[in-house]
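Residue numbers (the working numbering), protein chains in the order written: chain A, 209 to 455; chain B, 74 to 592. Written below as structure tokens is the structure these notes are about.
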Amino acid sequence: MRIGLFIPCYIDAFFPKVGIATLELLERFGYDVTYPRDQTCCGQPMANSGFNAECAATEALFVRNFSGFDYVVAPSGSCVHHVRDNFDAIEQTDEVRAVRARTYEIVEFLHDIVKPEAFPWAKFPHRVGLHNSCGTLRRLRHAKASELREPFFSKPLDLLSKVEGIEFVTPARPDECCGFGGTFSVFEERVSSKMGYDKVSDHAKAGAEYIVSADTSCLMHQQGCAERIGVPIKFIHIAQILNGASA
Amino acid sequence: MSSEPIPPKGISTPETAQVRASEDGEVIYRHGQRLDHAEAASKPLRSAPEKQPRGARIRGNRPIDQAEAAARFIAAPEHEEMHDARLWDLRHKRDREMQVIPEWETLRALASAIKEHTLTHLDEYLEQFEAHAQGNGVHVHWARDAAEHNRIVHGILRDHGARSLIKSKSMLTEECGMRHYMASVGIEVIETDLGERIQQLDNEDPSHVVVPAVHKLRTDVAEVFAKTIGTDPDNSDVHYLAESQREATRPLILDADAGMTGCNFAVADTGTVTVCTNEGNADLSANVPKLHIASIGIEKIIPRLEHLAVFVRLLSRSALGSPITQYTSHFRGPREGGEMHFVLVDNGRSARLGMEEFWTSLKCIRCGACMNTCPVYRRSGGLSYGATYSGPIGIIIDPTFNARKYSNLPFASTLNGSCTNVCPVKINIHEQIYAWRRELVKQHEVPFVKKVAMKAAGEVLSRPAVYRAAVATANAAIDHLPRFVIYNGLNAWGKHREVPNPPDQSFHSWYQQNRGEKP
Chain A
209 MRIGLFIPCY IDAFFPKVGI ATLELLERFG YDVTYPRDQT CCGQPMANSG
259 FNAECAATEA LFVRNFSGFD YVVAPSGSCV HHVRDNFDAI EQTDEVRAVR
309 ARTYEIVEFL HDIVKPEAFP WAKFPHRVGL HNSCGTLRRL RHAKASELRE
359 PFFSKPLDLL SKVEGIEFVT PARPDECCGF GGTFSVFEER VSSKMGYDKV
409 SDHAKAGAEY IVSADTSCLM HQQGCAERIG VPIKFIHIAQ ILNGASA
Chain B
74 MSSEPIPPKG ISTPETAQVR ASEDGEVIYR HGQRLDHAEA ASKPLRSAPE
124 KQPRGARIRG NRPIDQAEAA ARFIAAPEHE EMHDARLWDL RHKRDREMQV
174 IPEWETLRAL ASAIKEHTLT HLDEYLEQFE AHAQGNGVHV HWARDAAEHN
224 RIVHGILRDH GARSLIKSKS MLTEECGMRH YMASVGIEVI ETDLGERIQQ
274 LDNEDPSHVV VPAVHKLRTD VAEVFAKTIG TDPDNSDVHY LAESQREATR
324 PLILDADAGM TGCNFAVADT GTVTVCTNEG NADLSANVPK LHIASIGIEK
374 IIPRLEHLAV FVRLLSRSAL GSPITQYTSH FRGPREGGEM HFVLVDNGRS
424 ARLGMEEFWT SLKCIRCGAC MNTCPVYRRS GGLSYGATYS GPIGIIIDPT
474 FNARKYSNLP FASTLNGSCT NVCPVKINIH EQIYAWRREL VKQHEVPFVK
524 KVAMKAAGEV LSRPAVYRAA VATANAAIDH LPRFVIYNGL NAWGKHREVP
574 NPPDQSFHSW YQQNRGEKP
């Protein structure tokens with residue numbers, strides 16, 4: 209099975225460890241993983257701001273890079289949401305539709321396709337608060353959202369529970385958006401940062417040493433907020449824990 | 074409880090961080106104000122109540138700057154924290170009520186389907202409603218827009234020689250600017266909903282569709298009442314304030330010439346109107362004077378009485394987390410010697426019904442659940458939107474009234490989607506917010522600087538070589554620039570957040586080094 213690894217721009221530039229963990233994790237399960245060198249972005253920053261025409265060339269490039277793989281896997285829920293649900297600036301050919309349908313976020317790929325019994329290499333003896341980003345929670349449906357009356361389920365918790373030593377804490381508002389919101393974080397920076405302060409404080413009050421998430425963009429924002437107001441909490445992507453990061 | 078005012082040791086919020094000893098240990102700062110040592114030790118840190126932050130600045134037709142007003146709201150931490158906690162509490166109670174109803178999701182689906190059916194047969198049901206209401210002895214009027222609504226109401230009042238009008242809360246009359254209009258023609262309007270009355274006395278619009286004064290602290294209310302009805306400015310006891318208001322308003326209600334209500338549901342099959350309140354003030358407004366006028370948005374129609382059961386079960390649970398409103402009043406026809414008038418108002422609704430991406434916003438039953446759950450609304454205050462409707466539902470309705478003036482509002486959202494999940498009639502609110510952004514860009518109603526930035530981003534991100542160079546430069550820049558260059562007023566990210574530390578190498582170059590043999 210050939211997997212195309214999609215590493216979004218901000219992970220490439222600022223959080224290479226998240227990309228490396230995702231790659232190594234997929235390789236551990238025996239997949240043939242390739243990172244197409246000419247990839248850049250999925251187009252989401254422009255599309256979320258309403259500039260759909262401006263992301264046509266970026267979307268076309270994405271399809272050129274990822275056409276022909278059995279799956280495209282990325283460690284970023286919001287980017288996968290864009291590709292799967294909103295990627296319509298270009299003509300919807302069979303090729304485009306195939307790439308869109310085969311694009312998975314790493315948690316759902318592991319949970320729904322790989323279905324691992326265990327992560328024997330992973331140990332994480334820490335108290336963690338899980339941050340389900342809004343893109344993974346309410347669009348990709350990683351877990352039950354608190355607003356809906358439905359049975360409990362959580363793909364990230366299913367996976368993380370298989371990691372030795374891990375302990376979970378629950379903040380008072382587990383589903384509350386952290387305020388990143390893509391370009392919202394700069395165009396409405398004050399509300400965005402206040403939401404971030406509240407989010408990291410909520411996790412810290414619950415006793416979390418780490419905030420873990422499938423969305424590095426939320427973590428980047430939360431980390432910036434925590435550092436600014438002096439909340440002593442660390443941030444880690446779920447792929448890093450599953451790949452055996454020790455701390 | 075979800076919101077704990079005092080953070081545990083070792084955790085500082087921006088607010089507590091402001092109460093701290095400076096380096097010499099002698100001076101204390103709070104909210105940016107220096108307090109000398111003796112004053113800080115002998116008095117409460119704050120002697121005067123925090124001033125209420127006001128809403129968005131309205132400058133004619135120019136785009137409302139929601140972000141600016143929201144920043145001022147956050148700069149008043151007592152208001153912002155109270156507002157966030159109070160509305161989150163409503164959301165919390167809503168969740169609790171939802172858990173009590175096993176068929177909750179079925180009810181939402183039913184409500185949505187009933188609205189969908191009605192809106193797609195609106196002409197038939199409106200005519201049915203009119204005929205049945207007339208059969209009950211009610212006068213029915215049709216208003217194309219806000220101005221016609223106000224003229225019709227004024228005409229009815231003039232015919233009866235009425236000089237004063239008591240009314241219950243109605244977002245439609247807010248939308249029509251009726252209070253201002255009536256003031257201009259010399260008719261005294263008295264709001265009977267407590268929150269709405271507070272807002273009227275403060276000459277401020279409601280900030281929320283259900284709890285109009287939710288952004289005010291009781292000290293703000295004490296200040297308003299002291300100025301307007303003569304209460305003790307230093308007494309902010311809520312019982313005292315409520316009782317004083319009751320004493321001041323009751324005589325006005327008893328003497329009023331005419332009464333007005335809004336409408337939550339208009340039943341086509343019976344020609345009746347249902348109004349839901351918690352204070353019983355709609356009943357006072359409708360029943361004390363002999364003349365009752367109800368203003369009704371044409372989207373309020375439901376086909377039959379049995380459908381009401383679905384909506385009544387959803388409305389107050391979604392709005393306030395209570396099983397039902399204290400009063401659910403049904404108005405059928407005039408009492409003996411009295412008159413009842415229904416004014417059916419379009420005011421842009423027919424046009425909205427024709428908007429392919431946005432027509433389902435007409436399903437809204439004005440419960441406010443989307444506002445209570447919205448993390449942006451809770452931290453901004455409803456008045457920051459500078460529009461009749463605020464929060465998520467406002468963001469998707471307001472631009473239908475004026476795309477230019479409200480062009481910034483669809484950007485006041487993180488697109489988190491919680492609004493869609495709580496909506497009792499299943500409006501895809503966050504998807505419509507996204508669609509409005511596209512629509513406004515198409516109509517060129519976005520700032521030039523954003524256009525330039527997005528066009529540039531599109532250029533860079535579609536050219537791998539240019540992009541690769543940009544990533545390398547960004548890292549190098551952050552690594553080498555002094556702090557004041559990164560953290561200045563021009564870098565919105567860095568105003569209230571740290572910029573991530575650049576790693577030694579990008580993923581791309583790591584991959585090249587470690588998996589270089591791969592294609």
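Just so you know, even glycine gets a beta-carbon here, dropped at the ideal spot from N, CA and C.
Express the C-alpha separation of residue j and residue i in angstroms, rounding to a whole number.
{"i": "D419/B", "j": "L195/B", "result": "12 Å"}
{"i": "D174/A", "j": "D383/A", "result": "Any answer about residue 174/A is impossible in this case: the structure gives chain A only from 209 up to 455."}
{"i": "L108/B", "j": "A121/B", "result": "Legend: pLDDT at L108/B = 44, less than 50; position of this residue unreliable, value from coordinates given subsequently. Using only the alpha carbons, I get a separation of about 14 Å."}
{"i": "T246/B", "j": "G370/B", "result": "10 Å"}
{"i": "G411/B", "j": "N501/B", "result": "43 Å"}
{"i": "E375/A", "j": "A447/A", "result": "17 Å"}
{"i": "S284/A", "j": "G227/A", "result": "10 Å"}
{"i": "V539/B", "j": "F237/A", "result": "34 Å"}
{"i": "D366/A", "j": "E325/A", "result": "10 Å"}
{"i": "H503/B", "j": "I466/B", "result": "9 Å"}
{"i": "F388/A", "j": "I229/B", "result": "52 Å"}
{"i": "R408/B", "j": "D356/B", "result": "13 Å"}
{"i": "V282/B", "j": "A442/B", "result": "10 Å"}
{"i": "C496/B", "j": "Q300/A", "result": "31 Å"}
{"i": "D577/B", "j": "D138/B", "result": "40 Å"}
{"i": "D97/B", "j": "I441/A", "result": "With a pLDDT of only 38 at D97/B, under the threshold of 50, the placement of this residue in the model should not be trusted, and no figure is reported."}
{"i": "H222/B", "j": "C385/A", "result": "40 Å"}
{"i": "G589/B", "j": "L231/A", "result": "14 Å"}
{"i": "Q273/B", "j": "M155/B", "result": "22 Å"}
{"i": "R167/B", "j": "L180/B", "result": "15 Å"}
{"i": "R570/B", "j": "E123/B", "result": "26 Å"}
{"i": "C349/B", "j": "R405/B", "result": "15 Å"}
{"i": "Q125/B", "j": "T391/A", "result": "29 Å"}
In this structure, does DSSP put residue i in helix, strand or coil?
{"i": "V408/A", "result": "helix"}
{"i": "C492/B", "result": "helix"}
{"i": "A351/A", "result": "strand"}
{"i": "E518/B", "result": "coil"}
{"i": "M469/A", "result": "Examination of residue 469/A is not possible in this model, given that chain A is present from 209 through 455 alone."}
{"i": "C263/A", "result": "helix"}
{"i": "V297/B", "result": "helix"}
{"i": "I444/A", "result": "strand"}
{"i": "K528/B", "result": "helix"}
{"i": "H414/B", "result": "strand"}
{"i": "D423/A", "result": "strand"}
{"i": "G337/A", "result": "strand"}
{"i": "V544/B", "result": "helix"}
{"i": "T345/B", "result": "strand"}
{"i": "A339/B", "result": "strand"}
{"i": "E571/B", "result": "coil"}
Below 8 Å on the Cβ atoms is my guess for residue i versus residue j; work out the distance and round it to an integer in Å.
{"i": "A235/B", "j": "D330/B", "result": "4 Å"}
{"i": "S317/B", "j": "T304/B", "result": "5 Å"}
{"i": "H411/A", "j": "T424/A", "result": "Contact doesn't hold; Cβ gap of about 16 Å is too wide."}
{"i": "E313/A", "j": "V336/A", "result": "Contact flag wrong, Cβ pair sits at about 19 Å."}
{"i": "T334/B", "j": "S241/B", "result": "5 Å"}
{"i": "F384/B", "j": "A184/B", "result": "6 Å"}
{"i": "R346/A", "j": "N489/B", "result": "7 Å"}
Do residue i and the ligand FMN come close, with the Cβ less than 7 Å from some heavy atom?
{"i": "F384/B", "result": "Although the ligand FMN was asked about, the structure shown includes no ligands whatsoever."}
Would you list, in sequence order, the uninterrupted alpha helix (DSSP H) runs of no fewer than 4 residues that lie entirely inside the segment 417-462 of chain B? 422-426, 442-446, 448-453
Requested in this report: Let me know the beta strand (DSSP E) ranges lying completely inside the segment 208-284 of chain B, each 3 residues or longer, listed in chain order.
Outcome: 212-216, 237-240, 261-264
Can at least three beta-carbon pairs, one atom from the segment 214-230 of chain A and one from the segment 238-254 of chain A, be found at a separation below 8 Å? yes
query = Are the segment 400-408 of chain A and the segment 318-334 of chain A in contact at 8 Å, needing three or more beta carbon pairs?
reply = no
Checklist entry - Could you give the uninterrupted runs of the alpha helix (DSSP H) lying entirely in the segment 353-403 of chain A, keeping only those of 4 residues or more? => result 363-368, 392-395
- Does the segment 379-399 of chain A come close enough to the segment 443-463 of chain B to have 3 or more Cβ pairs within less than 8 Å? yes
> According to a CB-to-CB cut-off of less than 7 Å, which residues of the segment 522-543 of chain B neighbour chain E?
Replying inline: Any reference to chain E falls outside this structure, whose protein chains are A and B.
| Continuous beta strand (DSSP E) assignments of at least 3 residues falling wholly in the segment 356-410 of chain B | 364-370, 400-404
message: With three or more C-beta pairs closer than 8 Å as the rule, is the segment 342-349 of chain B touching the segment 158-172 of chain B?
response: no
Are there three or more Cβ pairs, one per stretch, closer than 8 Å when the segment 350-364 of chain A is compared with the segment 169-181 of chain B? yes
_With three or more C-beta pairs closer than 8 Å as the rule, is the segment 255-274 of chain A touching the segment 507-517 of chain B?_
yes
Just to confirm the assignment: which complete beta strand (DSSP E) runs, minimum length 3, are found wholly within the segment 230-301 of chain A? 240-242, 279-282
Could you say if the segment 513-528 of chain B and the segment 426-435 of chain A meet the contact criterion of at least three C-beta pairs nearer than 8 Å?
no
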